[in-house]
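Throughout the sequence shown, residue numbering follows this note's numbering, covering 1402 to 1999 in sequence.
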Amino acid sequence: MKSISMDEKQETNSFLTAWVKEVAQLCKPDQIYWCNGSEKEREELTQRAIEIGDLEELNPSKLPGCYLHRSVLNDVARTEELTFISTSQKEEAGPTNHWMSPQEAYLKLGSIFDGSMKGRTMYVIPFIMGPIHSPFSKVGVQITDSLYVVLNMRIMTRMGRVALNRLGNSKDFTRCLHGKADLDIKRRFICHFPEDNTIWSVGSGYGGNALLGKKCLALRIGSFLGKRENWLAEHMLIMGVENPQGEITYVAAAFPSQCGKTNLAMMVPPFSQKGYKIWTVGDDIAWLNIGPDGRLWAINPEAGFFGVLPGTSSKSNPNALKTIQKNTIFTNVLKKIDGTVWWEGLDGEPPLEGIDWRGQPWTPASGEKGAHPNSRFTAPATQCPSISPEWESPRGVPISAIIFGGRRAKLAPLVFQSLSWQHGVFLGASMASETTAAATGKVGVVRHDPMAMLPFCGYNMGDYFSHWLSMGKKMKNPPKIFHVNWFKTDDHGKFLWPGYGDNLRVVRWIVDRCQGIGKATRTPIGDIPTSDAIDITDLSLSQKTLQTLFEIDPQTWLEEIKELKQFFEKFENHFPEDLMDELKNLEGRLKDSSKFKV
Ligand code: SAT
Ligand code: MN
């Protein structure tokens, strides 16, 4: 079989060449292409992608280096019901993961991969998750028959020769096999083999199903490795908050997909918050390690952003708009006649006509969405105007606060602080959020989503909670833990809090608390800001709205606890006693809430 590469140097890592050979024997491609990550390679592969219809070039003067990709219609979001953890014991995957035995998975997927690359090229993509010289980074190698995947991985990871150099002769790399096969949803499976450091994904070309460095490696395999090696792989943005004195405090925040991680990470402070600045370190994934100083340090394992487009505007995220003016791949958006792109929620009026995400002629009157609700951009992190000078720091940035948040129309107040690390882990474990278009299935249903990791934890979540507790015990200076809810609504379904840039007001209180200066009142669920502790100048929020934002109704909370207890019980003896104690303590405080003056 022909093996091609534009690189002079032949690959000599025998573990890697043996694996590539084995995969080639299974998938039977016409040729094998080793990616080196060069600019020349990008140009050639992009041309090839245009020829085969994987990409369409967009207006080169208005959007230089930008391309459009349309997925097949049934392949537009992660498919959680087709995603499996394949550990030898079912119990190790736990009650929240789908499980398939490794034998069955290798056999089932193997039969789909068999011969699936006939007539195609098999691309070999060595990549690093994390800064090139960070001790916390990991090497993976993805094999794929999708050029769209190659070009996305180029943006989302450090790929090519640089990864092979880091790997050297080591066998320590995640083996990521991906194939489109026939993109048939009935033959689509995403299987993780944490014990073999291996991922097999077949039958999908989309985002988190196919860019295997992202959710599959950086979260599912990552969380498993983190448990073994004493670190945390989390679904978190990382950002620096600079105050008018020029001091920067770093925070990490976990929200489920499509709950505004990218918007928060790239936030531009409103006029009233003059002197503040947000520095973006990452928008989706954080790898957290304990430093010699007993603090928690975070790196962003990714090199780009794979962000949601609908709703992205100069109001919600001006920095994202600036990031995607060049060298960006747009997936499933509307193409305007001038060769630029549009999605619902972008500034200005909708275009009068265009080609929608399905490839059909579109007008506003057609009653269809122009862009898919989960349409995305892939753009290099370096293009973001707010990218932190520390974003590639090998040791990461020190985290002072961890924020958990979900999309809850009722219940959770705007912000509250946990009483301790253990109580904070309880808050993370109790997270629930309304579902979004990031995954297939019904949208808007409240589901438990501990630490926003429900679809991404690579092992038994009960053990994952214990790991979180044990990490706290190992830190001299653990971050403080908070819970936020930007999405509380009034009785008419209208958001009570303005959100977006104004979220900085809440983040400022969080930072103040970390510095020991923010004022708080104790409530049964945790500490909330005193009425003067959050800067609300220029917001014209009524007293009543503020009250509702911070309202804690013991009765509704007691109902939530009942349901939460049932969820926790699903983990049986894997669920840590300490968190059950937290639940009982909370119940006690709520029943005794007359003791609190809220
Ligand atoms: O999983 S994706 O990478 O497609 C995006 C997300 O759901 O966060
Ligand atoms: Mn995500």
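C-beta: ideal position from N, C-alpha, C; glycine also.
Boundaries of the alpha helix (DSSP H) harbouring Asn1904: Asn1904 to Cys1915, taken from the DSSP string.
Separation of Leu1965 and Gly1845 (C-alpha to C-alpha, rounded to the nearest whole angstrom) is 19 Å. Here Asp1928 carries a strand assignment [DSSP, helix/strand/coil]. Note that the C-beta distance between Asp1583 and Arg1521 is not below 8 Å.
In the three-state DSSP reduction, Gly1863 falls in the helix class (H, G or I). Under a 10 Å Cβ-count criterion, Ser1571 is classified as exposed, with fewer than 16 other Cβ atoms of the shown protein chains found around its own Cβ.
Assigned with DSSP and collapsed to three states, Val1885 falls in strand.
The beta-carbon separation of Gly1771 and Leu1459, rounded to 15 Å, does not stay under the 8 Å limit for a contact.
Counting every other CB atom within 10 Å of its CB across the protein chains shown gives Asp1892 a total below 16, marking it as exposed. In the structure shown, Ser1941 adopts coil according to DSSP, grouped into three states. With a threshold of 7 Å, the Cβ atom of Ser1535 does not count as near the ligand MN, since no heavy atom of the ligand is closer than that. The Cβ-Cβ distance between Arg1696 and Leu1474 does not fall below 8 Å.
Taking 7 Å as the cut-off, the C-beta of Phe1707 counts as close to a heavy atom of the ligand SAT. In the assembly as shown, Met1667 is a buried residue. Its beta-carbon has 16 or more other beta-carbons within 10 Å. Counting every other CB atom within 10 Å of its CB across the protein chains shown gives Pro1765 a total below 16, marking it as exposed.
One alpha carbon belongs to Phe1883, the other to Gly1692, and they sit about 21 Å apart. The segment 1731-1749 makes contact with the segment 1771-1782; the number of CB pairs closer than 8 Å reaches 3 or more.
Straight across, the Cα-Cα distance linking Thr1922 with Val1885 is about 16 Å.
For Thr1783, the secondary structure class from DSSP, reduced to helix, strand or coil, is helix.
For Glu1492, the enclosing alpha helix (DSSP H) covers residues Lys1491 to Ala1494.
If you check the C-beta of Lys1616 against the ligand SAT, you find a heavy atom less than 7 Å away. Around the CB of Asp1903, 16 or more other CB atoms lie within 10 Å, so the residue is classed as buried. Annotation for Asp1739 indicates a beta carbon at 7 Å or more from all heavy atoms of the ligand MN. Taking 7 Å as the cut-off, one finds no heavy atom of the ligand MN near enough to the beta carbon of Asp1850. Taking 7 Å as the cut-off, the C-beta of Ser1624 does not count as close to any heavy atom of the ligand MN. The three-state secondary structure of Tyr1607, taken from DSSP, is coil.
For the set Gly1604, His1470 and Trp1898, the Cα lying nearest the Cα of Ser1776 is the one of His1470. Residue pairing by DSSP puts Val1540 in a beta bridge opposite Ile1529. Secondary structure of Glu1635 (DSSP, three-state): strand. The shortest CA-to-CA distance from Ile1686 to any of Ser1789, Ala1704 and Phe1485 is the one to Ala1704. A distance of 8 Å or more separates the beta carbons of His1579 and Ile1622. DSSP, reduced to helix, strand and coil, places Glu1769 outside both helices and strands of the structure shown, so it counts as coil.
Assignment of Lys1429 by DSSP, reduced to helix, strand and coil, places it in the coil class. For Ile1962, no beta strand (DSSP E) run applies; the uninterrupted alpha helix (DSSP H) run containing it begins and ends at Pro1955 to Glu1970, by DSSP. Note on the segment 1684-1712: whole beta strand (DSSP E) runs with a minimum of 3 residues are 1687-1691, 1697-1700 and 1705-1709, in chain order. Residue burial is scored here from C-beta neighbours: Gly1749 has fewer than 16 other C-beta atoms within 10 angstroms and is therefore classed as exposed.
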